[in-house]
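In the working numbering, the protein residues as written are 10 to 311. Taking it in order: structure first as structure tokens, then the write-up.
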Amino acid sequence: MTNIRLTIPELEAVLLVADNLSFRIAAEKANVSQPALSRRIQGAESKLNTTLFDRDKHRVTLTDAGAELVPIATRVISEFQDSLSDLSEFITGRRGVVNIWALPSVAAAILPQAAQTFQQTHPQVRLVVRAASAGQVAQAVSEGIAHMGFSIEQTSSVAGLSFMPLLTDPFVLICPKSDPLASMKIVDWKVFNNRPFVSSGPISSIRHVTDDILAKSVPNAHYVIDNISVVGAMVAAGAGIAAVPKLALRLMDTSQLQSVPLRSPAATREIGILSRKNKSLPAAATHFYNLVKDSWKGRDVK
10 MTNIRLTIPE LEAVLLVADN LSFRIAAEKA NVSQPALSRR IQGAESKLNT
60 TLFDRDKHRV TLTDAGAELV PIATRVISEF QDSLSDLSEF ITGRRGVVNI
110 WALPSVAAAI LPQAAQTFQQ THPQVRLVVR AASAGQVAQA VSEGIAHMGF
160 SIEQTSSVAG LSFMPLLTDP FVLICPKSDP LASMKIVDWK VFNNRPFVSS
210 GPISSIRHVT DDILAKSVPN AHYVIDNISV VGAMVAAGAG IAAVPKLALR
260 LMDTSQLQSV PLRSPAATRE IGILSRKNKS LPAAATHFYN LVKDSWKGRD
310 VK
């Protein structure tokens, strides 16, 4: 006997009759007519090719097959209800996994506080965070690997993404605290013309800004560093000076560094949330998205 397809209503009918040993009472508890309940029992018996209940005018009793089915039906119904409960938790966003990719500086600046707040209201949701370059973040969101990304807007390299602006991240000069520049209130970008320049790596979102501004005056950086914390270490050691967004300072040891606002131009990078167009987010991801949006949209970077 293979491929038996008993339905949930049939199993529930078997359990009700087994518990009450009465088709009338079982039908009342199921809120169906007695003939309808009887058809469910008959359907189960037909599929199993056996009799589950012996009945006469005076009483109903379980057959051996019926008694064997009762614990199986109990387990199936229990597992089904538990599964529906888990599904309900997922649908409402109280359970699940949210995959997030973000620029390292943005992950360090925004996500810890947001995650702590989110955990208080969604303790059964797991956040999986990966720090990556702007291109990698966009690609992960585009391919559905990440539910959302925290990065700069991708205007051409990756299609099918929406961008919700969060905040503007201003660029600053960093230099050793002992450097004469450290005492200045503001500096021009031309300061890099005559000083060794420590550049971020070519895939960094920082390079989008510094290349546009410095390409003509500083054609070749003295140092090109892929890791932003190493950029800070190089500057602290006196190897050169650098231009970085303020959020990137979260990834550096700033004990020996001074940051100074840059002007002419006042450069910034716009940080926002990337998501796939025309693709609904799971409820838990939507809740986290809205939490970050409500907490950070329009805030100044300190």
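All C-beta atoms, glycine included, are put in the ideal place defined by N, C-alpha and C. A quick note: this is a predicted structure, and the numbers were derived from the prediction, not measured.
With H, G and I counted as helix, E and B as strand and the rest as coil, what does DSSP make of residue i?
i: D220; result: helix
i: M261; result: coil
i: E77; result: helix
i: D197; result: strand
i: S208; result: strand
i: L93; result: helix
i: E37; result: helix
i: L25; result: helix
i: G241; result: helix
i: A155; result: coil
i: A140; result: strand
i: E162; result: coil
i: N236; result: coil
i: L20; result: helix
i: T177; result: strand
i: N58; result: coil
i: D303; result: helix
i: S171; result: strand
Buried or exposed: where does residue i fall if 16 or more other Cβ atoms within 10 Å of its Cβ makes it buried?
i: A293; result: buried
i: G281; result: buried
i: Q163; result: buried
i: K194; result: exposed
i: S160; result: buried
i: P189; result: exposed
i: R104; result: buried
i: A143; result: buried
i: F89; result: exposed
i: A275; result: exposed
i: G241; result: buried
i: A224; result: exposed
i: T219; result: buried
i: G153; result: exposed
i: R49; result: buried
i: E279; result: exposed
i: I183; result: buried
Can you tell me the Cβ-Cβ gap for residue i and residue j, rounded? I've got them flagged as a contact below 8 angstroms.
i: A76; j: S304; result: Actually they are not in contact, since the Cβ atoms of A76 and S304 sit about 59 angstroms apart, beyond 8 angstroms.
i: S31; j: V69; result: 6 angstroms
i: V181; j: P270; result: 6 angstroms
i: A245; j: P185; result: 6 angstroms
i: L25; j: K38; result: 6 angstroms
When the Cα atoms are used, what is the spatial distance from residue i to residue j?
i: L300; j: F127; result: 8 angstroms
i: L71; j: V23; result: 10 angstroms
i: M157; j: H217; result: 22 angstroms
i: Q267; j: S92; result: 56 angstroms
i: M173; j: R285; result: 11 angstroms
i: V79; j: N58; result: 16 angstroms
i: Y232; j: M261; result: 17 angstroms
i: S214; j: A251; result: 14 angstroms
i: G247; j: Q265; result: 10 angstroms
i: A36; j: R135; result: 43 angstroms
i: L357; j: P44; result: This structure cannot speak to residue 357, because the chain is shown only from 10 to 311.
i: P113; j: V137; result: 14 angstroms
i: H296; j: A155; result: 15 angstroms
i: A168; j: I13; result: 48 angstroms
i: I237; j: P211; result: 12 angstroms
i: S289; j: Q125; result: 24 angstroms
i: T177; j: P132; result: 31 angstroms
i: S209; j: D235; result: 6 angstroms
i: L175; j: K302; result: 7 angstroms
i: M10; j: E54; result: Interpretation of M10 is limited by its pLDDT of 48, a score under 50 that renders its predicted location unreliable; no figure is taken from the coordinates.
i: P179; j: F201; result: 17 angstroms
i: W198; j: S187; result: 20 angstroms
i: R33; j: L170; result: 59 angstroms
i: N29; j: Q129; result: 45 angstroms
i: D65; j: A82; result: 24 angstroms
i: R308; j: T277; result: 14 angstroms
i: G249; j: S273; result: 20 angstroms
i: G52; j: A27; result: 16 angstroms
i: D221; j: A140; result: 25 angstroms
i: S42; j: P18; result: 13 angstroms
i: L283; j: V239; result: 27 angstroms
i: T263; j: M243; result: 12 angstroms
i: L61; j: S87; result: 20 angstroms
i: L46; j: D63; result: 15 angstroms
*Just checking, does the stretch 106 to 114 make contact with the stretch 135 to 150 on the three C-beta pairs under 8 angstroms criterion?*
A contact exists between the stretch 106 to 114 and the stretch 135 to 150.
_Does the stretch 115 to 133 come into contact with the stretch 253 to 268, if we say contact requires no fewer than three beta-carbon pairs (one atom in each stretch) closer than 8 angstroms?_
Segments in contact, yes.
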